[in-house]
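J.:
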DNA sequence: TCAAAAGTGTTTGGGTTACACCCATGG
DNA sequence: CCATGGGTGTAACCCAAACACTTTTGA
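Residue numbers (the numbering used here), protein chains in the order written: chain L, 1 to 213; chain R, 1 to 213.
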């Protein structure tokens, strides 16, 4: 039977850009390179695949992950020199930028890196570059469809804030009018009557929260 | 390490309906029930996950499958009583209705079943019902986007034929004008000058083939 | 008073839908 | 000639994009 692992693609929006959580690998193979946090499946501890991913998150990042979606499985005989056959099940998660992650065992350091221009910092370990691309694509499709993962933006929020987050994920500007109309048409947000956010030298913004909370 | 298998969701259009290839299980667990064809990953024979799926297809169905797409991976401690932990990587494929499948080892019989009303024939083995639903959903999204798998329809074909196949996959009628315009706009089909299909008591239809063949 | 950002109304254009109509063939 | 299905033109409609404009605040 093959050597089975779980890899995590953890994304967030910070500094107006989509970022991915990477770790500097301490051990071979690919020691010194940046790679996705991951870990071996433990059939004595994990009840399900997603449970395994959450355990790996606890061990490596110090906490569980919200909005965990399975991305794909990759595997082959030549994938990992530590085993004759290696299989990885990859999960993605979109988290709040304020997520506190604490490096865990066998992780030298955790770093947020903007997904644009990742190639500038040298090659990533294994095929992790392609996995990140796939995760970004799936996440963008989700946000494009206004399918907001619960708990991603802290409530209450304003529509311009939601628009800015969405634009950061998508990597392109969004039209204000179109965005407002599309979001309001979905019916998933409701205005908080009388509550505003007065942030600067401009008109305060209406606060919203997701309906059904 | 877990027990790793590959399962195949093979779909085709026949009798104007989307059908799935199922096998009557000869052995426990779930003996006698209908289930997806599948097989165990062989790390000594298979170089990749997709290679494993193709080997399973050769052994169980007597041929390789075109348009093979990975659907998901499912796994857990309670998944299969034959092992303490079982993991399945699921693939889907859309094939021509004329595909000849010959039952292989450990498969009593292969049957095409319409995906509508599958529940009427008793429960399926494992979670194969849910896997079929996911495969149908993914296939419908692909056809909805006019992303036709190469070799799915035999060329040459007429646009009404392509429309009928698409409608069968999607499970709903399609507007003739809209369908023609959308297909022609993609530029992936080209008319065969002067070639027509005269099938009945009506005007013959223009024959097409996919561009870039 | 002004700059800046929130929020609204209007127009434009692309693409889908619906409908009417013509075309070509077999019976 | 007529029924049948292939193929085309036109108008209505929906939605997103672009633009102009008003509103409200802090400086």
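Heads up, the beta-carbon is just placed ideally off N, CA and C, and yes, glycines get one too.
What does residue 3 of chain R touch in chain L if you count any residue whose Cβ is under 8 Å from its own?
T.: Here the neighbours are 1.
J.: Report yes or no: do three or more beta-carbon pairs, one from the stretch 8–28 of chain R and one from the stretch 50–66 of chain R, lie closer than 8 Å?
T.: The stretch 8–28 of chain R is in contact with the stretch 50–66 of chain R.
J.: In chain order, which continuous runs of the alpha helix (DSSP H) of length 4 or greater are located wholly inside the stretch 13–71 of chain R?
T.: Here the runs fully enclosed are 49–61.
J.: What did DSSP end up calling residue 119 of chain L once you bin it into helix, strand or coil?
T.: In this structure, residue 119 of chain L counts as helix in the three-state DSSP scheme.
J.: Out of R:171, R:77, R:47, R:111, which has the shortest C-alpha to C-alpha gap to residue 41 of chain L?
T.: Looking at the Cα atoms, R:77 is the closest of the given residues.
J.: Looking at C-beta atoms only, is the number of pairs between the stretch 156–164 of chain R and the stretch 180–197 of chain R that lie closer than 8 Å three or more?
T.: Counting Cβ pairs under 8 Å, three or more are found: they touch.
J.: Answer yes or no: does any C-beta atom of chain L fall closer than 8 Å to that of residue 48 of chain R?
T.: Answer yes: the Cβ-Cβ gap between residue 48 of chain R and chain L drops below 8 Å somewhere.
J.: Measuring alpha carbon to alpha carbon, tell me which residue in L:193, L:163, L:197 is nearest residue 229 of chain L.
T.: Residue coverage of chain L in this structure runs from 1 to 213, which leaves residue 229 of chain L outside it and unanswerable.
J.: From which residue to which residue does the alpha helix (DSSP H) around residue 129 of chain L run?
T.: Run containing residue 129 of chain L: 128–144, per the alpha helix (DSSP H) assignment.
J.: Mind checking the stretch 4–31 of chain L against chain R and listing, in chain order, the residues whose C-beta falls within less than 8 Å of any C-beta there?
T.: Flagged, chain order: 4.
J.: At a CB-CB cut-off below 7 Å, which residues of chain R make contact with residue 85 of chain L?
T.: Correct list: 43.
J.: For residue 89 of chain R, return the contacting residues in chain L, with the cut-off set at a CB-CB distance below 7 Å.
T.: Within chain L, the residues near residue 89 of chain R are 73.
J.: Could you tell me which chain L residues have their CB closer than 8 Å to the CB of residue 200 of chain R, listed as they occur along the chain?
T.: Correct list: empty, because the minimum Cβ distance to chain L is about 43 Å.
J.: Would residue 77 of chain L pass as an interface residue toward chain R - the criterion being a Cβ-Cβ separation below 8 Å?
T.: Chain R contact via Cβ: present.
J.: Comparing alpha-carbon positions, which option in R:15, R:36, R:19 lies nearest residue 25 of chain R?
T.: That would be R:36, whose Cα lies nearest to the Cα of residue 25 of chain R.
J.: Within the 8 Å Cβ cut-off, does residue 70 of chain L reach chain R?
T.: For residue 70 of chain L, the answer is yes, since a Cβ of chain R falls inside 8 Å of its Cβ.
J.: Grouping DSSP H, G and I as helix and E and B as strand, with all else coil, what is residue 188 of chain L?
T.: Of the three classes helix, strand and coil, the one that applies to residue 188 of chain L here is coil, per DSSP.
J.: Starting from residue 166 of chain L and walking both ways along the alpha helix (DSSP H), at which residues does that stretch end?
T.: Per DSSP, residue 166 of chain L belongs to the alpha helix (DSSP H) from 159–170.
J.: Going by DSSP, what residue range makes up the beta strand (DSSP E) through residue 112 of chain R?
T.: That run of the beta strand (DSSP E) goes 110–114.
J.: Nearest-angstrom Cα distance between residue 53 of chain R and residue 85 of chain R?
T.: Using only the alpha carbons, I get a separation of about 20 Å.
J.: In chain order, what residues of the same chain have a beta carbon less than 7 Å from the beta carbon of residue 170 of chain L, not counting five sequence neighbours either side?
T.: Result list for residue 170 of chain L: 140, 143, 144, in chain order.
J.: My assumption, with CB atoms under 8 Å, is that residue 125 of chain R sits in contact with residue 34 of chain R. Please give the rounded CB distance.
T.: Rounded, the Cβ-Cβ distance is 7 Å, consistent with contact.
J.: Of all the options R:205, R:150, R:195, which has the alpha carbon lying nearest to the alpha carbon of residue 66 of chain R?
T.: Nearest of R:205, R:150, R:195 to residue 66 of chain R, Cα basis: R:150.
J.: Can you tell me whether residue 203 of chain R is helix, strand or coil according to DSSP?
T.: Looking at residue 203 of chain R - three-state DSSP - the assignment turns out to be coil, as it is neither helix nor strand.
J.: Using the three-state DSSP reduction, which class does residue 89 of chain R fall into: helix, strand or coil?
T.: Strand, per DSSP.
J.: Given a cut-off of 8 Å on the beta-carbon distance, is the pair residue 88 of chain L and residue 73 of chain L in contact?
T.: In this structure, residue 73 of chain L lies closer than 8 Å to residue 88 of chain L by Cβ.
J.: Determine the DSSP secondary structure at residue 153 of chain L, reduced to helix, strand or coil.
T.: The answer is coil: DSSP assigns residue 153 of chain L none of H, G, I, E or B.
J.: Spell out the partners DSSP gives residue 75 of chain R in its beta bridges.
T.: The partner list for residue 75 of chain R (beta bridge, DSSP) reads R:87.
J.: What is the C-beta distance between residue 91 of chain L and residue 71 of chain L, in whole angstroms, given that I count them as a contact (C-beta under 8 Å)?
T.: Sure, about 6 Å apart at Cβ, within 8 Å.
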